[in-house]
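*Asks:*
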Amino acid sequence: MAERIRFHLDEHIAPAIARGLRRHGIDVTTTVEAALLSRSDLAQLEYARTSHRALVTHDADFLRLASQSSHHSGIVYSHKTAHSVGEMIRRLILLYEVLTAGEIQGRVEFL
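Taking the numbering used here, the leading residue of the sequence shown gets 15, the next gets one more, and so forth.
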């Protein structure tokens, strides 16, 4: 069986999203939990890569980093005002259900 996506939520993502994903049995870490608060974007992306997690963010700087290298475990981007918390949870669950960890690796997905 293919490996499921695991997510890492950066500091811009509401904690309620992590709680909602966990209620659906999805493996999630957050920047606060990983003691990465105020660390650079590169440090966040490296943590996500080495822990095999797709990084979920509202920070467009990660789009620039992704354009420079596809050596990451996937980036899921949503503009901060594009979706409610509930809609973000629903869209991340959909990604979780339709893509494997291998399929999102090196890709950017827009919610």
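By construction, the Cβ of each residue, glycine as well, lies at the ideal position given by its N, Cα and C atoms.
(1) Decide if the region 87-105 is in contact with the region 25-37; the criterion is three or more beta carbon pairs, one per stretch, under 8 Å apart.
(2) Starting from Leu-69, follow the beta strand (DSSP E) in both directions and report where the run begins and ends.
(3) Could you please give me the residues that DSSP links to Leu-23 through a beta bridge?
(4) Please report the straight-line C-alpha distance between His-72 and Glu-25, rounded to a whole angstrom.
(5) Which residue comes first and which comes last in the beta strand (DSSP E) that contains Glu-123?
(6) Considering only their Cβ atoms, is the gap separating Arg-121 from Gly-88 smaller than 7 Å?
(7) Can you check the region 68-105 for any beta strand (DSSP E) of at least 3 residues that lies completely inside it and give the ranges in chain order?
(8) How big is the Cα-Cα spacing for Gln-82 and Gly-34?
(9) Work out the CA separation of Arg-67 and Val-90 for me, nearest whole Å.
*Replies:* So, to answer that:
(1) yes
(2) 68-71
(3) Thr-44 and Val-70
(4) 9 Å
(5) 122-124
(6) yes
(7) 68-71 and 89-91
(8) 32 Å
(9) 11 Å
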